[in-house]
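Engineer: Letter 468 of the first sequence, counting from 1, is numbered 1964 in the working numbering, and no numbers are missing.
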Amino acid sequence: MSEQLKDLVRTHTCGAIREADVGKPVVLLGWVHRVRDLGALIFFDVRDRYGVTQVVARDDSDLLATAKRLRPEFVVAVIGPVEMRSAETVNPKLATGTVEIAAGEIRVLNEAVRPPFQIAEETSVSEDLRLRYRYLDLRGPRMQRNIQLRHRVTNVIRRFFDTHDFLEIETPILTKSTPEGARDYLVPSRVHAGQFFALPQSPQIFKQLLMIAGMDRYFQIVRCFRDEDLRADRQPEFTQVDVEVSFASQDQIFELIERLMHELFAAVGLGSIEIPFRRLDYSEALARYGSDKPDLRCDLAVEDISKAFVDSNFKVFRQVVETGGAIRALPISGGGTASRRELDDLVARAGELGAAGLVWARYGPDGKVQSSVLKVAGEAAVRSALELAGAGKEDLILIAAGDGLVASKLLGQLRLEIAQKRGWLDPNRFVFTWVVNFPLLEWDEASRRYTAMHHPFTSPIDTDLERLSSEPGAVRAKAYDLVLNGSEIGGGSIRIHDQAVQRRMFELLNIGPEEAKSRFGFFLDALEHGTPPHGGIALGLDRIIALLAGETSIRDVIAFPKTATAVDLMAGAPADVDSKQLRELKLRSNG
RNA sequence: GGGGUCGUAGUUCAGUUGGUUAGAACGCCGGCCUGUCACGCCGGAGGUCGCGAGUUCGAGUCUCGUCGGCCCCGCCA
């Protein structure tokens, strides 16, 4: 029943026709969006990626017969003149709403079965259905917008780096497994039975080799793979904007990325963002916001109020401080009017989050202090707590005691939930911050040794070098994250280029010379051939686009994403393979 | 690996304390309609209540298991 396109050529897209085109014969090609059959007069909308145009069929009985056959998602060619709509029939909701096509001929190029869901602006279709029929989901306005935004963003990024003398260089997808970091996706080698390639978690080593190779300024928009459990902002394959610069200081990297972000936001119409970005010490981020990726759209912050209780007879809090713990408080502006019920809910929520307890305090309407520990702690201590937390008459403070970091993390979590509930996290505001001075090393209790927090090639901060032996846990790294609205959108470091420091680093990580050689051999060799000081960053492209698009999941900015269980519902991957394929690879499945 | 939540028509949902033939809206099919645009009106079809056990005279509803979607912790820069 379908007809041929033959030599028919599209003259306009479905979003392009305007009043200036009235009288012109046009050819539209697209999908039937909706049909309004009035009997001897049939309207239908033709949709493509550019927009929607109304077509009217009338007078001619053959034409009306064809129009009657039309169903949503049929692919059609419409041939006819553009006509002006009368003033009463203009549709202000359409960009093309002042005109319509008076069909002279309608060719059904392809029919379509009834779609499992309607292609429309407001759809409340379950996500598994959207993913199973992703090609239909992508036809809809939301995904069309997001994918077009993604294209614009990558374009701006490429142009930006090009104008700054960067080279985009591809690095291998089939590469070598490195034991550090995330679990690798492995690809068996047929030629070398029993051996495996790994898909890159990031092109880390390759980009450093490119610096050694004198490429000087490298970037790549590159797919990365990590076989770890998924989240709304984590997919097994995701895209990084990978950047590396020779002879660059941390400040130069920051300035470069700030300019990129500034240009990006302007280019996608989100206005002018403030640069330079704020810089926040890692230790302060954790203490004040309980997170290494604080959402700074709201300025609530945790205060240390340990001093308030040192002289009080509130034994529990006093002992916490005496044994090296801390009392921390989160002042909530305007929280003083919270009902008893709301306070109880907060305490209950703290319990859900694993806290031993949560104490609150505030000024009553009579100026007297109120607190869940007023009796045991005494008015003086509570008043002192309120003052140390900087609480005003209208405010509420939430108090957590114990290990300082644990207390901050609890209050930081409550901070986010309260800010969210009170609407303090404006989705149209974009607040960036650099989180700097990450620790170089992290103590791993399980294996009783230090591991690299970023990666083993991250440079320590110069002034901390002397503490490498005495106090390795306190050494800070030239490592940094870029955080936007509570989302980590990038991270990087200045690398070690001094072989003596690199050797010390391996010692601290308890990696012997033999092991270092087998794991990083070729890279260590390369370092000896004249390595320039260098550093870089990798930006999470999917996350950035999700934030720009106002989406909460990166699945909505990826054309063909996977589910939370790492499955492609449309392609049906992963799947069994033919036993012949396994035999060729000398593999046997235990699955 | 753990916790939470959801699963009923093509879709989105409702379904009372466990009680007759499981409903609504949209969509779909047919009819009518010359200015609709989420067209309207009339009529109709459409159900493995995710799957499997169990309790019960009786299960969409209760219990257990299992599968799948989503969110979170662990894991992961």
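By construction, the Cβ of each residue, glycine as well, lies at the ideal position given by its N, Cα and C atoms. Nothing here was measured: the structure is a model prediction, and the numbers come from that model.
When the Cα atoms are used, what is the spatial distance from Phe2018 to Pro1956?
Structural biologist: So the two alpha carbons sit approximately 23 Å from each other.
Engineer: Does the segment 1927-1943 come within contact of the segment 1757-1775, defined as at least 3 CB pairs closer than 8 Å?
Structural biologist: yes
Engineer: Could you have a look at Thr1954 and say whether DSSP puts it in helix, strand or coil?
Structural biologist: Strand.
Engineer: Any idea what DSSP makes of Tyr1976, helix, strand or coil?
Structural biologist: strand
Engineer: Compare the Cα-Cα distances from His1951 to each of Ala1825, Ile1990 and Arg1532 and report the closest residue.
Structural biologist: Considering only alpha carbons, the answer is Ile1990.
Engineer: Let's see if you can read the secondary structure: which residues bound the beta strand (DSSP E) around Pro1861?
Structural biologist: Here Pro1861 belongs to no beta strand (DSSP E), and DSSP marks it neither H nor E.
Engineer: Which full runs of the alpha helix (DSSP H) of 4+ residues lie inside the segment 1823-1877, going along the chain?
Structural biologist: 1836-1848 and 1870-1873
Engineer: What is the DSSP secondary structure of Tyr1714, counted as helix, strand or coil?
Structural biologist: strand
Engineer: State yes or no: is the C-beta of Ala1678 within less than 9 Å of the C-beta of Asp1729?
Structural biologist: no
Engineer: Please determine if the segment 1736-1754 and the segment 1777-1797 are in contact, where contact requires at least 3 C-beta pairs separated by less than 8 Å.
Structural biologist: no
Engineer: Secondary structure at Asn1606, three-state DSSP: helix, strand or coil?
Structural biologist: strand
Engineer: In terms of alpha-carbon separation, which member of Leu1894, Ile1914, Asp1503 and Leu1892 lies closest to Leu1605?
Structural biologist: Restricting attention to Leu1894, Ile1914, Asp1503 and Leu1892, the CA atom closest to the CA of Leu1605 is found in Asp1503.
Engineer: Who are the Cβ neighbours of Asp1800 in its own chain at under 7 Å, not counting the five residues just before and after it?
Structural biologist: Counting only Cβ-Cβ distances below 7 Å, and skipping sequence neighbours, we find Ala1822 and Arg1824.
Engineer: Is any non-hydrogen atom of the ligand SAH found closer than 8 Å to the C-beta of Ala2071, if you look at the structure I gave you?
Structural biologist: The model depicted lacks the ligand SAH and carries no ligand whatsoever.
Engineer: Have a look at Arg1918 and Arg1972 and give me their C-alpha separation to the nearest angstrom.
Structural biologist: 36 Å
Engineer: With distances taken between CB atoms, is the gap from Asp1555 to Trp1527 smaller than 9 Å?
Structural biologist: Taking a C-beta distance under 9 Å as the contact criterion, Asp1555 and Trp1527 do not qualify as a contact pair.
Engineer: Is Ala2022 helix, strand or coil when you go by DSSP?
Structural biologist: helix
Engineer: Enumerated in chain order, which unbroken segments of the beta strand (DSSP E) with a length of 3 residues or greater are wholly contained in the segment 1728-1795?
Structural biologist: Within the segment 1728-1795, the complete beta strand (DSSP E) runs of at least 3 residues fall at 1733-1742 and 1774-1777.
Engineer: Span of the beta strand (DSSP E) holding Pro1459?
Structural biologist: Any question about residue 1459 goes unanswered here, given that the chain covers just 1497 to 2087.
Engineer: Roughly how many angstroms separate the alpha carbons of Val1649 and Arg1638, rounded to a whole number?
Structural biologist: So the two alpha carbons sit approximately 16 Å from each other.
Engineer: What number of angstroms, rounded off, separates the C-alpha of Pro1675 from the C-alpha of Arg1944?
Structural biologist: 17 Å
Engineer: Within 10 angstroms of its Cβ, does Tyr1631 collect 16 or more other Cβ (buried), or is it exposed?
Structural biologist: exposed
Engineer: So, do the segment 1754-1764 and the segment 1872-1884 have three or more beta carbon pairs nearer to each other than 8 Å?
Structural biologist: no
Engineer: Kindly provide the ranges of any beta strand (DSSP E) runs that are 3 or more residues long and lie completely inside the segment 1512-1573, ordered along the chain.
Structural biologist: 1521-1533, 1537-1544 and 1547-1554
Engineer: With DSSP as the reference, please indicate the residues paired to Ala2069 in a beta bridge.
Structural biologist: BP columns for Ala2069 point to Asp2064.
Engineer: Could you say which of His1660, Leu1670, Ile1717 and Arg1814 lies nearest to Val1741 if we only look at CA atoms?
Structural biologist: His1660
Engineer: DSSP three-state call for Asp2052: helix, strand or coil?
Structural biologist: helix
Engineer: Indicate the three-state DSSP secondary structure (helix, strand or coil) for Ile2041 in the structure shown.
Structural biologist: helix
Engineer: Answer yes if the segment 2044-2059 comes into contact with the segment 2007-2017, meaning at least three C-beta pairs across the two stretches below 8 Å, and no otherwise.
Structural biologist: no
Engineer: Taking the alpha-carbon positions, what's the Asp2052 to Tyr1785 distance?
Structural biologist: 29 Å
Engineer: Does DSSP put Val1578 in a helix, in a strand, or in coil?
Structural biologist: strand
Engineer: I'd like the list of long-range same chain contacts for Ala1608, defined as Cβ closer than 6 Å, with 5 residues on each side in sequence excluded.
Structural biologist: Glu1569 and Phe1570
Engineer: Whose CA, out of Ile2041, Leu2065 and Met2066, lies closest to the CA of Leu1766?
Structural biologist: Ile2041
Engineer: State buried or exposed for Ala1887, treating a residue as buried only when at least 16 other CB atoms are found within 10 Å of its CB.
Structural biologist: Label assigned to Ala1887: buried.
Engineer: Thinking just about the alpha-carbon of each residue, which of Ser1835, Asp1891 and Ile1828 is nearest to the one in Gln1916?
Structural biologist: Ile1828
Engineer: Thinking C-alpha only, which one of Phe1953, Pro1668 and Glu1984 is nearest Ile2007?
Structural biologist: Phe1953
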